[in-house]
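Take the working numbering: the final residue in the sequence shown is number 487, and no numbers are missing along the way.
Glycine included, C-beta positions come from ideal geometry on N, C-alpha and C.
Notes follow once the structure below has been shown.
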Amino acid sequence: MKAMTKENKADMTKVLLVSAECAPLSKTGGLADVVGTLPGDLKKLKLDARIITPYHRCIKNKYADRVEHMFEFYVNLGWRTQYCGIERLELDGITVYLVDNEFYFGDTIYKGGMEELEQYAFFCRAVMDALPRLGFDPGIIHCNDWHTAMIPMLAKTQYGGAHSGRRFLITIHNIAYQGKCGFDFAQDLLGIDSSYYTPEFMELNGCANFLKAGCVFADRINTVSPTYAEEIKTAYFGEGLEGILNARSHELSGIINGIDVKTFNPLSDPLIYKNYDREHIENKKLCKLKFQEDMGLEVRENAPLFVMCTRMTEQKGFDLVECMLDELMGCSDMQFMLLGTGDRRYEDFMRQAEYRYSGRVCSYIGYNEELAHRVYAAGDFYLMPSRFEPCGLSQMIAMRYGALPIVRETGGLKDSVRPYNKYTGEGTGFSFADFNAHEMKDAMLLAMDCYRRPEVMSSLIRQAMDEDFSFARSAEEYAQLYLCMK
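And the structure:
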């Protein structure tokens, strides 16, 4: 890697975040929230942070009349020559550059399979070719997940000294998704020299691996919580990349995500039944009673209400819920409500449980944003027993609304939830260490024991609601990381 010189030294106060999605423009998950929120808080720290993202159809449908066309050019993608337009959108004081191509960025953000690999190979090449023409010279290129991970490699192997003054950061939001293809396909798309198809560079298990290339060529690697940064260095969590991550462990760190504290604020949230804060927590009880009534649960203030807003998958620990729900319902007066979709097996389980425990269990199979806010406001406890969780946002939102999280000690769940200490009274929720149904049950029983002691419960709720999960905290850590990359 070339050292920076006086001639090629880039401005490290200018940051370009590169991402496949960006809230509120386009969103399928937490990645969009991070990319959409972080630049505003970086701006408050005197950093000029901007975003470049595909011009998906969902963005055109809503924002086309606010977009300014900047320039157009053609991208060489193997034997293909594809149009690329660069549009500019000012959104809440942040500049967003939009990469336009109707063929690649239509109705779906992620096409899946080989089409998705071609889709984001085009995006990486388009970003690299657009950079000199933007009129913005970022010192930091902040890439996110495998869809943008080829950018550091392209910059350092195909673009000569044009980007030698820049520094490249790759953030891993979920290491399970890596962008794998055959070497012939990678050669066809991006013209990667065959000398790089080795374990030293981008080969893994006989495939070209986009995320591995990013981890090799980026100047720094980070992920979305300190614990996850340690976990992915192990074979259990590393998904085959633990070797390169251990080799670069001195350049790997974790910064826990934040949430949008304006959107998720029980004091001003227009979607919940009654607004409240930690000084007026009695209004949370009114939210619970109205929620019980609307959802067909028995209207009982003293019945502990456990809630989940989740994808019903093994990763989210739903098999533990399936294993223990009958036992818990039999030994307590708890109520349980779930909002989400997922594996057919788990959806059917919830429908059957709702029938067996009418008035005590209910579910909404699907997603409803307004209902999600009401779930957080109504719940006494928020259950999140994930097998793994790079960061997780739901536990932070739950604490913001005074619903005490019950989590497995993994990834960002371990970093964000302080378990209740019965001797000191400290804590913001409850946790269990092993991915084990009985350990989850024990944590839930401890939570119910605290529920029966109002002074303990009140103290825990106040402590949870006092936690700072704003992106301002995350932005400060990112700003420090950028400075370390000089």
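- A distance below 7 angstroms between beta-carbons, with the five flanking residues on each side excluded, links V300 to the following residues of its chain, in chain order: L290, Q293, E294.
- In the structure shown, V408 adopts extended strand secondary structure according to DSSP, grouped into three states.
- Per DSSP, the unbroken beta strand (DSSP E) holding P55 starts and ends at 49–55.
- Within the same chain, Cβ atoms closer than 6 angstroms to the Cβ of T54 are found at S20, C23, the five residues on either side in sequence being excluded.
- Annotation for I256: no alpha helix (DSSP H) segment contains it, and DSSP assigns it neither H nor E.
- Scanning A156, M71, Q336 for the CA closest to the CA of G136 turns up M71.
- Straight-line spacing of the CA atoms in E328 and S395 works out to 25 angstroms.
- Between I256 and S471 a beta carbon distance of about 13 angstroms is seen, past the 8 angstroms cut, so the two are scored as non-contacting.
- In this model, N284 and A379 are separated by some 10 angstroms (Cα to Cα).
- T311 has its alpha-carbon roughly 13 angstroms from the corresponding atom of D320.
- In this structure, the CA atom of M400 is about 19 angstroms from the CA atom of V35.
- Counting C-beta pairs closer than 8 angstroms gives three or more between the segment 398–416 and the segment 215–234, which meets the contact rule.
- Sequence-distant partners of G403 (beyond 5 residues in either direction) whose C-beta falls short of 6 angstroms from its own C-beta, in its chain, are K285, I462, M466.
- The distance from the Cβ of K213 to that of I245 is about 6 angstroms, consistent with a contact at the 8 angstroms cut-off.
- A direct Cα-to-Cα measurement between E370 and E348 gives close to 19 angstroms.
- One alpha carbon belongs to F238, the other to H148, and they sit about 20 angstroms apart.
- Listed in chain order, the non-local C-beta contacts of N145 below 8 angstroms within the same chain comprise L18, V19, S20, A21, L32, V35, V36, I171, T172, H174, local neighbours out to five positions each way being set aside.
- A direct Cα-Cα distance of roughly 23 angstroms separates V262 from V16.
- Secondary structure of T224 (DSSP, three-state): strand.
- According to the DSSP assignment, Y84 belongs to the beta strand (DSSP E) that extends over 81–92.
- For G259, the number of other beta carbons within 10 angstroms of its own is at least 16, and it is reported as buried.
- Setting aside the 5 residues that flank it on each side, S333 is surrounded in the same chain by P305, L446, M449, each with a C-beta closer than 8 angstroms to its C-beta; the list follows chain order.
- Around the beta-carbon of Y424, fewer than 16 other beta-carbon atoms lie within 10 Å, marking it exposed.
- The three-state reading of DSSP puts N210 in strand, counting E and B together.
- Around the beta carbon of H143, a 10 Å sphere encloses 16 or more other beta carbons of the protein chains shown; the residue is thus reported as buried.
- The three-state reading of DSSP puts T149 in helix, counting H, G and I together.
- Under the rule that a run must span 4 or more residues, no alpha helix (DSSP H) segment is found entirely inside the segment 257–294.
- By the neighbour-count criterion, in which a residue is buried when 16 or more other Cβ atoms sit within 10 angstroms of its Cβ, F74 is exposed.
- When DSSP states are grouped into helix, strand and coil, C485 belongs to the helix group.
- In this structure, the CA atom of N437 is about 51 angstroms from the CA atom of N77.
- A direct Cα-Cα distance of roughly 5 angstroms separates P386 from V408.
- In the DSSP assignment, S460 falls outside any beta strand (DSSP E) and lies within the alpha helix (DSSP H) extending over 455–466.
- If you ignore the 5 residues before and after E315, its C-beta comes within less than 7 angstroms of the C-beta of R388, all in its own chain and listed in chain order.
- Close CB contacts of Q464 within its chain, under the 6 angstroms cut and outside five residues either way in sequence, are with T429 (chain order).
- For secondary structure counted as the alpha helix (DSSP H) over 4 or more consecutive residues, the segment 102–176 holds these complete runs in sequence order: 114–131, 151–158.
- Of the other Cβ atoms in all chains shown, 16 or more fall within 10 Å of the Cβ of E232; this residue is therefore buried.
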